[in-house]
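Protein chains in written order, with our numbering: chain X, 5 to 259; chain W, 131 to 401; chain S, 51 to 283.
Take a look at the structure set out below.
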Amino acid sequence: MGNQKTIRLLDENGLRVDGRRWDELRPIKMEVGILDKADGSAYIEHGKNKILAALYGPREAHPKHIALADRAVVRCRYHMAPFSTEERKSPAPSRREQELSKVIRESLEPSIMSEYYPRTTIDIFIEVLQADAGTRCAGITAASLALADAGIPMRELVAACAAGKIEGKIVLDLSDVEDKQGEADLPVAFMPKSNVVSLLQMDGGLTEEEFMQALELSTGACRRIYEMQREALKQKYHVAKEETEEKEEAQEVRA
Amino acid sequence: MSATHQISPVAKIEQKTVVDLIVRGRRLDERNPLDYRPFTVTPGMVEKANGSAQVYLGKTKVLAGVKIQTGDPFEDTPNEGILTVNAELVPLASPSFEAGPPDENSIELARVVDRGIRESKAIDLKKLCIQPGKKVFVVFVDIYVLDHDGNLIDASATAALGALINAKMNAFEVKDGELKYKDELVPLPIQNYPVAISSAKIDSSVVLDPCLEEEQVMSCRLTVTTDKNDNVCAMQKGGLGVLTVDEIKQIVSTSINKSKDLRATILSKVA
Amino acid sequence: MHTERKQLVAPGELLAEGPYFAGENTYREGSKIFASRVGLADVVGNKMIVVPIKGAYIPRLDDIVIGRVTDIGMSGWQVDICAPYPALLPLSETPMHRGREGGGRRDLGYIYGVGDLMIAQVIAFDRTRDPLLTTKGRGLGKVTSGRVARITPAKIPRIIGKKGSMITMLKKETGTDIIPGQNGVILATGKNPDQERIAVEALYMIEREAHTTGLTDRVKAMIVNQMKGRTVG
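Given below as structure tokens:
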């Protein structure tokens with residue numbers, strides 16, 4: 005590949021390489037319940053990220069000794085397909101994937117009422133089919149939908165988005181080139197109903213003020229993403245409620 | 131796969147003791163919420179390594195060693211040396227550590243310490259280039275946790291920094307495309323001093339430098355690594371709990387402040 | 051109340067505030083009640099509930115379930131009832147057990163072998179132990195013929211319908227006997243395999259379109275259409 009040429013990330017109008025303003029999200033598309041065999045599933049496209057999340061559970065714990073007596077064990081695997089990145093990635097789990105599996109599990113587990121299913125496992129699988137920076141955040145957003153799709157009792161949905169710094173400016177939702185050339189990356193997972201953060205990582209360099217700014221920017225975006233999640237669930241299970249009631253009563257009379 | 135950890139070996143009433151104390155602003159070992167346990171940094175224990183440092187933080191003991199070797203540079207950074215950080219939670223350090231390949235905890239530990247060093251540009255990697263695109267120096271930092279009594283991240287980051295500052299390598303020059311070592315020993319090109327500060331959230335209180343018992347009852351942890359210019363260069367939330375935005379802001383502020391003291395102490399013991 | 055009856059809600063949505071109780075699939079925080087699963091919100095008296103769209107089967111006492119034998123032990127059988135917990139049918143809970151005390155695995159295998167299907171009832175289940183079954187009772191026991199459909203347990207009420215309207219229509223139109231297990235497994239037994247196949251198709255159709263209107267009519271129409279070519283021979 006050789007030395008990547010560095011390019012300007014912000015133009016004279018402060019617009020980014022893909023034309024976005026500093027506080028704009030990349031286009032996001034979500035779909036719920038797209039897999040047949042999984043108990044719950046969701047697919048997300050966030051910028052050029054294409055990520056599939058699937059949920060199996062609650063199911064019997066195998067092997068038995070990993071089970072917890074008073075709640076479900078939540079397991080999470082974040083994995084990138086070999087063809088998902090610019091350079092082919094080896095299918096073997098990398099250290100990065102192992103770390104991300106852990107922090108992603110820790111971002112979703114607080115929302116799961118795992119005490120409902122003692123001695124079982126709830127297994128979350130996140131497969132990155134195409135990566136374009138922000139995969140852990142998009143993965144969390146999709147996994148939360150998959151959990152809801154499976155009917156796992158949850159306190160609320162979890163939404164995630166990253167903010168960062170490029171050419172000295174705090175911006176929302178870094179793209180791949182911005183992540184590679186930028187000065188800081190701050191992925192955040194947020195639960196808008198409870199107003200709490202369940203994933204927070206950062207690498208780069210930020211002053212205290214810059215950090216506060218980036219945190220507010222990403223949590224605000226998480227609220228917007230949360231609305232999209234709710235919309236995606238409603239799309240899947242759309243109901244014409246008044247009609248249902250009337251028709252049912254009418255059928256009763258006829259039957 | 132990452133899986134929920136097994137239940138804590140601590141009884142409920144023991145957990146309650148810790149929480150009750152903290153709610154009243156006190157801790158098991160009489161510390162204030164923002165106090166670190168007394169710590170020592172002993173450089174140069176392992177003579178065969180290029181550098182080493184042993185840290186005692188309360189009863190936690192971590193040994194870090196630095197080895198410098200030559201190797202191929204990465205394709206996208208042909209003029210830079212390479213830093214690689216590894217951590218081992220060896221079984222003798224705790225009844226809960228098992229022998230085997232690194233688990234998610236040791237991987238997370240290594241990567242958090244790595245990010246602190248890397249993002250703060252603590253080592254001027256450009257000065258470790260021997261032949262651009264062909265040969266560079268590779269700095270291996272290996273963290274060995276010897277006794278786990280809580281806050282492995284801060285202890286490991288301190289040991290890693292100490293080992294890097296302590297490290298010596300033969301001065302070198304490149305003559306006619308050949309690497310030639312000189313007799314003189316020189317330090318690594320260190321230009322920044324990242325310090326990791328970890329806070330634990332227990333109930334609705336926050337304490338710094340949690341000991342093991344505090345870690346067993348905490349809901350979550352937030353590590354903030356700051357460099358010598360008060361820039362935050364790495365952060366990591368860990369654990370199943372959650373934090374409000376205000377709690378995060380408070381912790382970041384406190385951590386940046388606290389890191390100044392810690393940095394001064396570390397440098398005084400290693401330099 | 052912050053939600054309308056039969057409104058689709060997602061986990062974390064505010065359902066009500068004040069003098070309400072938190073019913074199934076909801077939880078309370080202070081004075082507010084939130085949904086914990088995706089489903090249709092409803093209120094029963096002053097209790098907020100959510101009727102879930104989907105979810106694992108969690109056994110309840112007295113549930114009738116249809117299960118498959120997965121293992122034979124010394125004194126009973128392990129039965130898969132499509133729940134996160136394997137069920138146990140002890141020999142003492144089968145009507146044939148008298149006179150067979152002290153029999154080993156081979157003897158038990160004569161009653162139920164691995165892979166056999168049965169209709170059973172849940173007689174015990176709590177958080178600390180796996181569900182216990184019995185086949186002593188009318189209509190319980192080994193299943194020897196018929197076809198099985200597996201749907202999400204949350205949709206079983208829809209299969210049955212208000213006052214049994216849906217299941218009565220299904221039985222009549224397909225000419226099969228239909229036994230719905232609370233665990234989402236449904237047995238359809240007819241005089242010929244075609245009837246059974248059509249019944250199973252109808253069951254999956256109901257699961258897919260459970261939330262739509264005019265379903266009973268559409269299912270009936272589908273069955274009648276399919277049966278047309280079948281009644282002869």
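C-beta: ideal position from N, C-alpha, C; glycine also.
Could you name the residues of the same chain whose beta carbon sits closer than 8 angstroms to that of residue i, not counting the 5 residues immediately before and after it, in chain order?
i: residue 245 of chain X; result: Any answer about residue 245 of chain X is weak, because its pLDDT of 42 lies below 50 and its placement is not dependable; what the coordinates show is given next. Cβ neighbours of residue 245 of chain X beyond the five flanking positions: none.
i: residue 248 of chain X; result: Confidence in residue 248 of chain X is poor, its pLDDT being 44 and thus under 50, which makes the residue's placement too unreliable to answer from.
i: residue 159 of chain W; result: 167, 188, 341
i: residue 283 of chain S; result: Residue placement at residue 283 of chain S is flagged as unreliable, the pLDDT there being 41, under the threshold of 50; a coordinate-derived value is accordingly withheld.
i: residue 315 of chain W; result: 298, 299, 300, 301
i: residue 312 of chain W; result: 300, 301, 302, 303
Near residue i, which residues of its chain fall below 7 angstroms by C-beta distance, leaving aside the five closest residues on each side in sequence?
i: residue 279 of chain W; result: 188, 189, 190, 341, 342
i: residue 402 of chain W; result: Given that chain W is displayed from residue 131 to residue 401, the structure contains no residue 402 of chain W and the question cannot be resolved.
i: residue 221 of chain X; result: 27, 167, 174, 176
i: residue 256 of chain X; result: Only weak support exists for where residue 256 of chain X lies, its pLDDT of 45 falling under 50; the coordinates are left without a value.
i: residue 240 of chain X; result: 36, 37
i: residue 114 of chain S; result: 169, 171, 231, 232
i: residue 152 of chain W; result: 332, 333, 335, 337
i: residue 117 of chain W; result: Residue 117 of chain W is absent from the model: chain W starts at 131 and stops at 401.
i: residue 14 of chain X; result: 20, 170, 171, 173
i: residue 187 of chain S; result: 171
i: residue 210 of chain X; result: 169, 188, 218
Below 8 angstroms on the Cβ atoms is my contact criterion, and I expect residue i with residue j to pass it. Report the Cβ-Cβ distance as a whole number of Å.
i: residue 123 of chain S; j: residue 203 of chain S; result: Not really, about 26 angstroms apart at Cβ, beyond 8 angstroms.
i: residue 148 of chain X; j: residue 233 of chain X; result: 7 angstroms
i: residue 3 of chain X; j: residue 241 of chain W; result: This structure gives no information on residue 3 of chain X, because the portion of chain X shown stretches from 5 to 259.
i: residue 163 of chain X; j: residue 229 of chain X; result: 4 angstroms
i: residue 201 of chain W; j: residue 261 of chain W; result: About 12 angstroms separates the two Cβ atoms, so there is no contact after all.
i: residue 75 of chain S; j: residue 122 of chain X; result: The pair is not a contact, with the Cβ atoms about 18 angstroms apart (cut-off 8 angstroms).
i: residue 58 of chain X; j: residue 150 of chain X; result: 6 angstroms
i: residue 130 of chain S; j: residue 144 of chain S; result: That pair is no contact at about 17 angstroms.
Report all residues from its chain with a CB closer than 6 angstroms to the CB of residue i; omit the five preceding and five following residues, and keep chain order.
i: residue 352 of chain W; result: 329, 367, 381
i: residue 167 of chain S; result: 118, 193
i: residue 284 of chain S; result: Residue 284 of chain S is absent from the model: chain S starts at 51 and stops at 283.
i: residue 254 of chain X; result: Confidence at residue 254 of chain X is low in this model, with a pLDDT of 48, below 50, so the placement of that residue should be treated as unreliable; the coordinate-derived value is given next. Cβ within range, chain order: n/a, list empty.
i: residue 227 of chain W; result: 219, 221
i: residue 250 of chain X; result: Note that residue 250 of chain X has pLDDT 46, beneath the 50 cutoff, so the model's placement of it is unreliable and the number below is only indicative. The answer is none, since no qualifying residue turns up.
i: residue 236 of chain S; result: 199, 230, 253
i: residue 269 of chain W; result: 198, 213
i: residue 120 of chain X; result: 157
i: residue 70 of chain S; result: 83, 96, 98
Which full runs of the alpha helix (DSSP H) of 4+ residues lie inside the segment 211-240 of chain S, going along the chain?
-> 215-224
Taking Cβ-Cβ distances below 8 angstroms as the criterion, which residues of the segment 252-280 of chain W are in contact with chain X?
-> none
Ignoring anything shorter than 3 residues or poking outside the segment 62-97 of chain X, list the beta strand (DSSP E) runs there in chain order.
-> 77-84
Note down, one range per segment and in chain order, each beta strand (DSSP E) of at least 3 residues found wholly within the segment 182-215 of chain S.
-> 191-193, 197-200
Go through the segment 168-210 of chain W residue by residue and report every complete run of the beta strand (DSSP E) that reaches 3 residues or more, in order.
-> 169-173, 181-187, 190-201
Quick one: any contact between the segment 47-54 of chain X and the segment 125-135 of chain X, if contact means 3 or more CB pairs under 8 angstroms?
-> yes
Tell me the start and end of each unbroken beta strand (DSSP E) in the segment 72-153 of chain S that is at least 3 residues and wholly inside, in chain order.
-> 76-79, 82-85, 89-94, 97-102, 114-122, 126-130, 137-140
Contained alpha helix (DSSP H) runs [length at least 4] in the segment 114-190 of chain X, N- to C-terminal order = 139-153, 180-185
Any chance the segment 64-77 of chain X sits against the segment 178-194 of chain X, with 3 or more Cβ pairs inside 8 angstroms?
-> no
The segment 83-115 of chain X: positions lying closer than 7 angstroms to chain W by Cβ = 99, 102, 103, 105, 106, 109, 110, 113, 114
Interface positions of the segment 58-76 of chain X facing chain S (Cβ-Cβ less than 9 angstroms), listed along the chain | 61, 62, 63, 64, 65, 73, 74, 76
Taking three-plus beta-carbon pairs below 8 angstroms as touching, is the segment 38-47 of chain X in contact with the segment 112-122 of chain X?
-> no
Chain-ordered residues of the segment 102-115 of chain S with a beta carbon less than 7 angstroms from chain X | 102, 103, 104, 105, 106
For the segment 160-179 of chain S, which residues have a beta carbon sitting closer than 7 angstroms to at least one beta carbon of chain X?
-> 177
If you scan the segment 261-331 of chain W from start to end, which runs of the beta strand (DSSP E) of 3 or more residues do you find wholly inside it?
-> 265-277, 298-305, 308-317
The segment 246-273 of chain S: positions lying closer than 7 angstroms to chain X by Cβ | 261, 263, 264, 266
Of the residues that make up the segment 355-385 of chain W, which ones have a beta carbon closer than 8 angstroms to any beta carbon in chain X?
-> 357, 360, 361, 362, 363, 364, 365, 366, 367, 368, 369, 370, 371, 372, 373, 374, 375, 378, 379, 382, 383
Touching or not, the segment 209-227 of chain S and the segment 170-186 of chain S, by the rule of three or more beta carbon pairs under 8 angstroms?
-> no
Touch check for the segment 132-143 of chain S and the segment 177-189 of chain S: three-plus C-beta pairs under 8 angstroms?
-> yes
Residues of the segment 194-211 of chain X whose Cβ lies closer than 8 angstroms to any Cβ of chain W, in chain order | 195, 198, 199, 200, 201, 202, 203, 204, 205, 206, 207, 208, 209, 210, 211
Using a Cβ-Cβ cut-off of less than 7 angstroms, give me the residues of the segment 117-141 of chain S that come near chain X, in sequence order.
-> 134, 135, 136
According to a CB-to-CB cut-off of less than 7 angstroms, which residues of the segment 235-248 of chain W neighbour chain X?
-> 237, 238, 241, 245
Listed from N- to C-terminal order along the chain, which residues in the segment 69-84 of chain S have their beta-carbon within a distance smaller than 8 angstroms of any beta-carbon of chain X?
-> 75, 77, 84
Short-range partners of chain X found in the segment 185-212 of chain S, where Cβ spacing is below 9 angstroms = 202, 204, 211, 212
Going along the chain, which residues of the segment 137-163 of chain W sit with their C-beta nearer than 8 angstroms to a C-beta in chain X?
-> 137
Could you give the uninterrupted runs of the beta strand (DSSP E) lying entirely in the segment 6-68 of chain X, keeping only those of 3 residues or more?
-> 32-36, 44-50, 53-64
Please list the segments of the alpha helix (DSSP H) lying wholly inside the segment 360-400 of chain W, counting only runs of 4 or more residues, in order along the chain.
-> 375-400
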